[in-house]
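Below you'll find the structure, written out as structure tokens, and then a few comments.
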Amino acid sequence: MILDAKIPSGPLAEKWDKHRFETRLVNPANKRKFTIIVVGTGLAGASASATLAELGYHVKTFTIHDSPRRAHSIAAQGGINAAKNYQNDGDSIFRLFYDTIKGGDFRSREANVYRLAQISNSIIDQCVAQGIPFAREYGGTLANRSFGGAQVSRTFYARGQTGQQLLLGAYSALMRQVKMRKVEILPRREMLDLIVIDGRARGIVVRDMRSGRISSHVADGVVLATGGYGNVYFLSTNAMNSNVTAAWRACKQGAFFANPCFVQIHPTCIPVHGDYQSKLTLMSESLRNDGRVWVPKKVGDDRDPDRIPEEERDYYLEKKYPSFGNLVPRDVASRNAKEQCDQEKGVGQTGRAVYLDFAEAIERDGLEMILKKYGNLFQMYEKITASDPRREPMMIYPAVHYTMGGLWVDYNLMSTIPGLFVLGEANFSDHGANRLGASALMQGLADGYFVLPATICGYLAETKLAPVKSDHVVCEKGEKQAADKISSLLNCSGKRTVDDFHKELGRLLWDYCGMARNRNGLETALAKIPEIREEFRHNVLVPGKNESLNQSLERAGRLEDYLEFAEMMVVDALQRRESCGCHLREESQTAEGEARRDDENYAYVAAWEFAGDGKSPKLHRENLVFENVTLSQRSYK
Amino acid sequence: MSNDKIGLTLKIWRQPCSHSKGKFETFHVNNISSDMSFLEMLDVLNEHLTLGGKQPVAFDHDCREGICGMCGAVVNGQAHGPEKGTTLCQLHMRHFRNGDTLVIEPFRARAFKVERDLVVNRSPLDKIIQAGGYVSVNTGGAPDGNGVPVAQDTAEQAMDAAACIGCGACVAACPNGSAMLFVGAKVSQLVLLPQGYPERAGRALNMVAEMDELGFGNCGNERECEAVCPKSISIRNIARLNREFFKAALFG
Numbered sequence: 144m145i146l147d148a149k150i151p152s153g154p155l156a157e158k159w160d161k162h163r164f165e166t167r168l169v170n171p172a173n174k175r176k177f178t179i180i181v182v183g184t185g186l187a188g189a190s191a192s193a194t195l196a197e198l199g200y201h202v203k204t205f206t207i208h209d210s211p212r213r214a215h216s217i218a219a220q221g222g223i224n225a226a227k228n229y230q231n232d233g234d235s236i237f238r239l240f241y242d243t244i245k246g247g248d249f250r251s252r253e254a255n256v257y258r259l260a261q262i263s264n265s266i267i268d269q270c271v272a273q274g275i276p277f278a279r280e281y282g283g284t285l286a287n288r289s290f291g292g293a294q295v296s297r298t299f300y301a302r303g304q305t306g307q308q309l310l311l312g313a314y315s316a317l318m319r320q321v322k323m324r325k326v327e328i329l330p331r332r333e334m335l336d337l338i339v340i341d342g343r344a345r346g347i348v349v350r351d352m353r354s355g356r357i358s359s360h361v362a363d364g365v366v367l368a369t370g371g372y373g374n375v376y377f378l379s380t381n382a383m384n385s386n387v388t389a390a391w392r393a394c395k396q397g398a399f400f401a402n403p404c405f406v407q408i409h410p411t412c413i414p415v416h417g418d419y420q421s422k423l424t425l426m427s428e429s430l431r432n433d434g435r436v437w438v439p440k441k442v443g444d445d446r447d448p449d450r451i452p453e454e455e456r457d458y459y460l461e462k463k464y465p466s467f468g469n470l471v472p473r474d475v476a477s478r479n480a481k482e483q484c485d486q487e488k489g490v491g492q493t494g495r496a497v498y499l500d501f502a503e504a505i506e507r508d509g510l511e512m513i514l515k516k517y518g519n520l521f522q523m524y525e526k527i528t529a530s531d532p533r534r535e536p537m538m539i540y541p542a543v544h545y546t547m548g549g550l551w552v553d554y555n556l557m558s559t560i561p562g563l564f565v566l567g568e569a570n571f572s573d574h575g576a577n578r579l580g581a582s583a584l585m586q587g588l589a590d591g592y593f594v595l596p597a598t599i600c601g602y603l604a605e606t607k608l609a610p611v612k613s614d615h616v617v618c619e620k621g622e623k624q625a626a627d628k629i630s631s632l633l634n635c636s637g638k639r640t641v642d643d644f645h646k647e648l649g650r651l652l653w654d655y656c657g658m659a660r661n662r663n664g665l666e667t668a669l670a671k672i673p674e675i676r677e678e679f680r681h682n683v684l685v686p687g688k689n690e691s692l693n694q695s696l697e698r699a700g701r702l703e704d705y706l707e708f709a710e711m712m713v714v715d716a717l718q719r720r721e722s723c724g725c726h727l728r729e730e731s732q733t734a735e736g737e738a739r740r741d742d743e744n745y746a747y748v749a750a751w752e753f754a755g756d757g758k759s760p761k762l763h764r765e766n767l768v769f770e771n772v773t774l775s776q777r778s779y780k
Numbered sequence: 056m057s058n059d060k061i062g063l064t065l066k067i068w069r070q071p072c073s074h075s076k077g078k079f080e081t082f083h084v085n086n087i088s089s090d091m092s093f094l095e096m097l098d099v100l101n102e103h104l105t106l107g108g109k110q111p112v113a114f115d116h117d118c119r120e121g122i123c124g125m126c127g128a129v130v131n132g133q134a135h136g137p138e139k140g141t142t143l144c145q146l147h148m149r150h151f152r153n154g155d156t157l158v159i160e161p162f163r164a165r166a167f168k169v170e171r172d173l174v175v176n177r178s179p180l181d182k183i184i185q186a187g188g189y190v191s192v193n194t195g196g197a198p199d200g201n202g203v204p205v206a207q208d209t210a211e212q213a214m215d216a217a218a219c220i221g222c223g224a225c226v227a228a229c230p231n232g233s234a235m236l237f238v239g240a241k242v243s244q245l246v247l248l249p250q251g252y253p254e255r256a257g258r259a260l261n262m263v264a265e266m267d268e269l270g271f272g273n274c275g276n277e278r279e280c281e282a283v284c285p286k287s288i289s290i291r292n293i294a295r296l297n298r299e300f301f302k303a304a305l306f307g
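Right, dumping it as structure tokens:
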């Protein structure tokens, strides 16, 4: 199969307009005859559901939560980018496009990223019209800030809760359509399989998480907006219920999975403090604007930080990267923190942390000024750690945060299964090998409000779909398979809990498929994952039954998928013998020990086809063509 | 981080499903690190229960950073526990002492049905939003974001109200099981901003009517809701809702 991204011809700036004009439309009176299933209610899923319903389609929306408002988009803190150039500081659509494609280390598609930058402005207008309380200047205009090292101020924000406010905006729009009976909302339902009939996505198999009832729902198109897979590492900044199940089961039905090894590790999180830990909390990286990162120079120095004199401290980022200092990009900051800890210079109880020190900034600008900027973050840190960053340095460590990889989609956001569309973090399309700060919200809403509603009509208008019912033989088979999977988990009666296995998998991936990778480590992981999976299948202990709310069973099903998916992730990492975006491939470094990208051999998207249980997945390459930007190596020296 | 270890007695509400009877069950947990969050303490209990062949305690949770609104239980009579302005997931065990007994119950209210153990059905809150908690604007064709100026302090006040996470603690804490703080917060956010202004009358009337319909009680000025709200949302929002409601009822 040759991957066709269906990128429209013509100049970059005109592709989207041209494509929309050339896309066939569905007659307004006919739209209500089409049913579309949307799985997930984060920014992408909620905005897509609401917009499709406004256009007249019949929409059925599924969420694993008790309410659509719980999706993890809600936890995004920083903001949302747009190329409004309200600050008159030289921003433009092309600049946002360029920054995003460069930030992604030239591993994303020009056409998709340019479209994202074009749409960014309409998103802000839409969100303002919904009554989202964005931060304002004294004169009443929208406020902006510079974010994640961007040289322009293009980030719109609502305090430190931008994700929450944008999600509640999309949720409100969705609730309005539910009230108008255009959307049927089905909460606490987990998608367990994709129904593919005659080669097209025609529905999903779901489990009602309260009653255990498994049923099929059929439609004319299926939209997955089910988020990322960061939880494969067990510890991450993702929500506890975030999972790869929907995407993975679609992959097993024939949807290719692209770049699964592209995972973003965020440098400023609160460190791990014990085996019982369930998740990692992100601290905004704006802290690095004023905080200085250091470790003791001496290995194993366990004195309190205030007892370590200035000359015995190693401000390693400032020393190594004099021009960027503490503001080096996320991957560089993360990798160096790990390197220091690997050299046993890490601090805190576990030795897996570095200091982020505000003493000098407080001395320079005064405590009041620093609290004005970071007061809420200091409070959050103190609440969790019981340590006061005004008096002693914070301790930080990198944590898994976002996954750039996802199901492969073409320009229309359609996967390799016709009729299956994938939005937001669940697809791979816009962030390449690294995502810029404040761009996740932008992509989720661009996909849901503007891209999918414009492209799905082309598919529906051009495709002759035979009517199907939920008692179709394929549905029955899917239901039976899902039920069998559940019974085998419940009947296993082993000796280890689900979380115990999950932690084992997580540690393995963190050690060998984290921010720095090498062939030996990846091969070790590749040998070990099937062993863990085998043991899981024979030795997992899942209490309770299917016919009631059973959270252990939910977790077990998700982990089973992670145990399969993890292998694809490592296989992908193994074949990409270049350092790129968020990860360092140790075999691919410059003389100075910095990441070296290999455009000659790896300027492609790796899309993996599931080849059957226990078989190695098959690689398909989508070569990336750059006509509007010049590829450059990053340098922060 | 101090890392002291404590032991606790837990009395937890157990109820297999919504139509069965529930009861308290007592457990003892030891070696609880003071750096653990309350939910991590429950994780530890559940691992023990599972390995001991017993049913783990069901509780809702997701983001574990205090923003999704999924978690929540009543701890020793207080929704989300003893710390002010804190969700259950952000409550840490250093606030308890060795030997303490904790009584842990679900959020109880006439409108919230217990699904299992500490899990309740809060979808009535979604129904209230469906009655009018939005600006009726379709995607596309919105005017430029800077087209309508909003005074900075107005935006800040709207944001104070919009910070609601929909956890339902206010309802659980209210002697009348009222959702007035929840409704007041949404009505306030939208009436303060020019975008929400045109629909103000219908919104206040419809959301309150829906709240009544779903079995939530009325506000009795007990202020319990404000006291337990993890986002410290002020009851001034209830006053604003009352004003909006009466204006709409009298003048349309």
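Chains as they are written, first to last, in the numbering used here: chain L, 144 to 780; chain F, 56 to 307.
Ideal Cβ placement from N, Cα and C applies to all residues, glycine included.
Give me the Cα-Cα distance between A213 of chain F and V246 of chain F, rounded to the nearest whole angstrom. Whole-angstrom Cα-Cα distance: 8 Å.
Does the structure place the stretch 279 to 292 of chain L close enough to the stretch 195 to 208 of chain F that three or more beta carbon pairs sit under 8 Å? yes
Which residues does DSSP list as the beta-bridge partners of V202 of chain L? L:I179, L:V326.
Along the alpha helix (DSSP H) that carries I672 of chain L, what are the first and last residues, could you check? 662 to 682
How about I159 of chain F and V190 of chain F: do their beta carbons lie closer than 9 Å? No, the pair does not count as a contact, with Cβ atoms beyond the cut-off.
In chain order, what residues of the same chain have a beta carbon less than 7 Å from the beta carbon of F290 of chain L, not counting five sequence neighbours either side? Here the set comprises G221, G222, T298, G580, A581.
Bridge partners of T773 of chain L, per DSSP? T773 of chain L pairs with nothing; no bridge assigned.
Within the stretch 395 to 465 of chain L, note down every full beta strand (DSSP E) run reaching 3 residues or more, in order along the chain. 406 to 412, 435 to 439
For R478 of chain L, does the three-state DSSP call read helix, strand or coil? helix
Contacts around C222 of chain F, its chain only, beta-carbon distance under 7 Å, and the 5 residues preceding and following it disregarded: G124, G127, T142, P285
Sub-9 Å separation of A134 of chain F and V238 of chain F beta-carbons: For A134 of chain F and V238 of chain F, no; Cβs fall outside 9 Å.
Go ahead and label G62 of chain F buried or exposed: buried means 16 or more other beta carbons lie within 10 angstroms of its beta carbon, across all protein chains shown. exposed
Does the stretch 222 to 240 of chain L come into contact with the stretch 196 to 209 of chain L, if we say contact requires no fewer than three beta-carbon pairs (one atom in each stretch) closer than 8 Å? no
In or out: S631 of chain L buried (at least 16 other Cβ within 10 Å) or exposed? exposed
Taking only beta-carbon positions, decide if S92 of chain F is within less than 9 Å of chain L. yes
Mind the definition here: the stretch 565 to 585 of chain L touches the stretch 169 to 185 of chain F only if three or more C-beta pairs lie below 8 Å; say whether that holds. They do not touch, by the three-pair rule.
Tell me the DSSP bridge mates of D500 of chain L? L:R435
How do the stretch 353 to 372 of chain L and the stretch 634 to 651 of chain L stand: do at least 3 beta-carbon pairs fall below 8 Å, yes or no? no
Among L:F240, L:R740, L:G591, L:Y745, which has the Cα closest to the Cα of T184 of chain L? For T184 of chain L, the nearest C-alpha among the options comes from L:G591.
When you check each C-beta in the stretch 129 to 155 of chain F against every C-beta of chain L, which residues fall closer than 8 Å? T141, Q145, H147, R149
Using a 10 Å radius around the Cβ and a threshold of 16 neighbouring Cβ atoms, would you call L155 of chain L buried or exposed? buried
Under a CB-based cut-off of 9 Å, is L180 of chain F close to chain L? yes
How many Å lie between R163 of chain F and E170 of chain F at the Cα? 11 Å
Beta-carbon spacing of S190 of chain L, A313 of chain L below 9 Å: yes
Let's see if you can read the secondary structure: which residues bound the alpha helix (DSSP H) around D643 of chain L? 641 to 655
Among L:N255, L:R343, L:Y655, which has the Cα closest to the Cα of V768 of chain L? L:N255
With the cut-off set at 9 Å, would you say A480 of chain L and N469 of chain L are in Cβ contact? no
Inter-residue spacing [alpha-carbon to alpha-carbon] between K441 of chain L and R69 of chain F: 53 Å
Beta strand (DSSP E) containing I288 of chain F: first to last residue? Per DSSP, I288 of chain F belongs to no beta strand (DSSP E) and is neither H nor E.
Is the beta carbon of Y705 of chain L closer than 9 Å to that of N374 of chain L? yes
Who pairs with N224 of chain L in a beta bridge, going by DSSP? L:T298
Strictly under 9 Å for the Cβ-Cβ distance: is A264 of chain F near chain L by that measure? no
Can you find a C-beta in chain L that's less than 9 Å from the C-beta of M56 of chain F? Residue confidence for M56 of chain F is low, a pLDDT of 47 falling below 50, so the modelled location carries little weight; the figure read from the coordinates is stated next. Answer yes: the Cβ-Cβ gap between M56 of chain F and chain L drops below 9 Å somewhere.
Report the residue from L:S216, L:G188, L:S210 whose alpha carbon sits nearest the alpha carbon of Y545 of chain L. L:S216
N469 of chain L: contacting residues in chain F (beta-carbon distance under 7 Å): By Cβ distance, chain F contributes nothing, its closest Cβ being about 24 Å from N469 of chain L, past 7 Å.
Below 8 Å on the Cβ atoms is my contact criterion, and I expect L430 of chain L with C412 of chain L to pass it. Report the Cβ-Cβ distance as a whole number of Å. About 11 Å separates the two Cβ atoms, so there is no contact after all.
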